[in-house]
Amino acid sequence: MHPIFRKLRVLILGAGELASGVAYRLYKSGFPLVMTELPQPLMVRRAVSFGEAVFTGYTQVEGIPARRVDDLDAALAAIKSGEIPVLVDPDAEVRHRLRPQVLVDARMIKRNPGTTMDDAPLVIALGPGYTAGVDCHAVIETNRGHRLGRVIWEGQAEPDTGIPGDMKGRRAERVLRAPADGYVQ
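Throughout, the working numbering is defined as the position within the sequence shown, counted from one, plus 791.
Set out below in structure tokens:
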């Protein structure tokens with residue numbers, strides 16, 4: 792790892808598929824990072840999400856190891872061992888002790904639950920619900936199409952349509968919805 796990265800810390804809020812894509816790229820680029828997640832993550836594609844570590848204790852995505860940790864000290868130890876630490880911390884309280892230089896809000900909840908530009912020197916948010924220059928420094932467009940991945944330095948990402956992306960001519964009908972709360976066995 793290049794010495795400049797040793798003190799640079801990135802905190803990623805969320806460990807679902809998009810957050811994991813961000814983590815993958817930053818990890819491959821040599822950035823030490825910590826991810827936070829809910830006690831019962833809401834990710835759809837568990838096989839490509841570092842949040843799977845919350846359920847199993849350990850997972851790999853594309854060969855990159857991630858481990859569930861219980862506190863910041865364990866997170867820092869995981870970083871030193873080459874793993875991505877995933878900390879169950881729904882409110883990202885770890886940000887106060889970690890003091891990241893970069894905070895990426897990748898929870899994809901389509902509203903801002905309280906992320907501010909004061910959370911880190913550089914705050915980046917994924918998707919709708921955030922305004923660059925107001926709650927964060929930059930917003931990343933997550934809506935499918937030619938603007939996907941675009942960095943927005945002023946303003947907002949496209950609003951949530953509530954309609955799934957088109958796959959082979961199908962949209963809402965390709966999504967299965969549970970008729971009741973509960974667990975699938």
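Where a beta carbon is used, it is the ideal one built from N, C-alpha and C, also for glycine.
- For the options P830, S840, P881 and T952, the alpha carbon positioned closest to that of G920 is the one of T952.
- Assignment of T922 by DSSP, reduced to helix, strand and coil, places it in the strand class.
- Shortest Cα-Cα distance from T933 to any of E945, L817, L917 and A923 involves L917.
- Excluding residues up to 5 positions away in sequence, L804 and G805 lie with their Cβ nearer than 6 Å to the Cβ of R898 in the same chain.
- For the set A929, R941, Q851 and V801, the Cα lying nearest the Cα of F822 is the one of V801.
- Restricting attention to F846, V852 and G848, the CA atom closest to the CA of S840 is found in V852.
- By DSSP's assignment, T827 forms a beta bridge with L804 and L878.
- The region 882-947 contains, as complete alpha helix (DSSP H) runs of 4+ residues, the segments 885-889 (chain order).
- Membership of T850 in any alpha helix (DSSP H) is not indicated; the residue belongs instead to the beta strand (DSSP E) covering Y849 to V852.
- Its chain contains L863 as the residues whose beta carbon lies nearer than 8 Å to that of R888, once the 5 sequence neighbours on both sides are disregarded; these appear in chain order.
- Cβ neighbours of V966 within its own chain (closer than 7 Å, five residues either side excluded): P955.
- In this model, P881 and G812 are separated by some 20 Å (Cα to Cα).
- Here the alpha carbon of D896 sits roughly 31 Å from the alpha carbon of G960.
- Collapsing the DSSP output to three states places R836 in coil.
- The region 906-917 makes no contact with the region 814-834; the number of CB pairs closer than 8 Å stays below 3.
- Secondary structure note for A869: it is in no beta strand (DSSP E), and the uninterrupted alpha helix (DSSP H) holding it is L863 to K871.
- In this chain, the beta strand (DSSP E) harbouring V860 covers I855 to V860.
- Put simply, the backbone Cα of C927 is about 16 Å away from that of A883.
- The three-state secondary structure of R965, taken from DSSP, is helix.
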